[in-house]
Amino acid sequence: MARIVLITGANRGIGRELGAQLAAGGDTVLLTARDEQKAIRAASEIGGDVHPIQLDASDQASVDAAAAKVAAQYGRVDVLVNNVGGLFGYDQQPSTVKLDKLQEVLDLNLIAKWRTTQAFLPLVRRSAHGRIVNVSSEAGSIARMGAHTAAYSASKAALNAFTAALAAELEDEGITVHAASPGWTATDLGGEGGRPVPEGAASIKHVVNLPADAGTGGFYQDEGIVPW
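Each residue of the sequence shown is one higher than the one before, counting from 136 in our numbering.
Shown next, in the form of structure tokens:
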């Protein structure tokens, strides 16, 4: 039976490429985007067993509606990939970053993923081998923290803390939870100079495909462990 994999923020960039790679491997991919037409277009261009769903992770009503639609049409989610996120520029020194920017970054990179997780967790619980993958960043590693993207880094560090806490909560249910970093990738978010998008997506795919006996609560990049 094919896995049902739901990916947020998947009409472009790493999310879209991840969907294409997973569909090529035989998974049923639920490709979500805030703009329904963009989701439809991306799913059509990828082809295969890829299905568009409108989901705005910043809006509770939209997330709830998407969860209800998936429940009615598919009955479960085997893998939830919380990919939606943003950088919001490089002028984020801790001493000068505007707090409204900090709030905006936290809302998208942490709260939106938390909201989506809570809404879809009942469907993940219906899976025989449920998994949640939070797309994080090496910039969220406290051991490797820099100063120029403090708001972004803080949001990813907080996401990592959420990942670890959720992994501990769900471990006895057999649901695995991991954080995955794509590395610096040449997307609209990462900008020029990063590695090709397929390589960044492959880093996430590795975590999606980890064997069940790999444990839970890991932070990965390119098949290796990243320090928290």
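Even glycine gets a Cβ: it sits at the ideal position worked out from N, Cα and C.
First and last residue of the uninterrupted alpha helix (DSSP H) at residue i
i    : result
L305 : 285-305
P187 : Taken as a continuous stretch (DSSP letters only), P187 belongs to no alpha helix (DSSP H), being part of the beta strand (DSSP E) at 185-189.
T251 : 247-259
A347 : Run containing A347: none; DSSP gives neither H nor E here.
A155 : 148-159
Secondary structure of residue i, DSSP reduced to three states
i    : result
R138 : coil
V361 : coil
T143 : coil
N217 : strand
I339 : helix
V212 : coil
T167 : strand
Q238 : helix
T320 : strand
K227 : The residue you asked about is not Lys; residue 227 is Gln in the sequence shown. Residue state, collapsed to three classes: strand.
Per-residue burial, residue i [other beta carbons within 10 Å of its own, 16 or more giving buried]
i    : result
Q356 : buried
T231 : exposed
H313 : buried
S179 : exposed
P317 : buried
K291 : buried
A168 : buried
R308 : At residue 308 the sequence reads Glu, which differs from the Arg that was named. Classification of E308: exposed, given that the 10 Å Cβ count is below 16.
E273 : buried
E235 : With the sequence shown as reference, residue 235 is identified as Asp, and Glu is not the correct amino acid for it. D235 comes out exposed.
G150 : buried
K315 : Reading off the sequence shown, one finds Ala at residue 315, where the question assumed Lys. Buried, by the Cβ-count rule.
P362 : exposed
Q172 : exposed
Near the ligand GDP: residue i beta-carbon under 7 Å from a heavy atom
i    : result
T163 : With respect to small molecules bound, the structure shown includes none, and the ligand GDP cannot be examined in it.
Bridge partner(s) assigned by DSSP for residue i
i    : result
Y355 : A315, I360
V198 : Paired residue(s): none; V198 is not in a bridge.
T270 : Here residue 270 turns out to be Val, not Thr, going by the sequence shown. Partner(s): A315.
R330 : T320
*Is the number of C-beta pairs between the segment 151-164 and the segment 178-188 that are closer than 8 Å three or more?*
yes
*Take every Cβ of the segment 335-342, pair it with every Cβ of the segment 203-213, and state whether three or more of those distances are shorter than 8 Å.*
Contact between the segment 335-342 and the segment 203-213 is absent, with fewer than three C-beta pairs closer than 8 Å.
*Flag this pair as touching only if the segment 237-256 and the segment 285-295 have three or more C-beta atom pairs under 8 Å; answer yes or no.*
yes
*Is it a yes or a no for the segment 292-304 touching the segment 337-346, going by three-plus beta-carbon pairs under 8 Å?*
no
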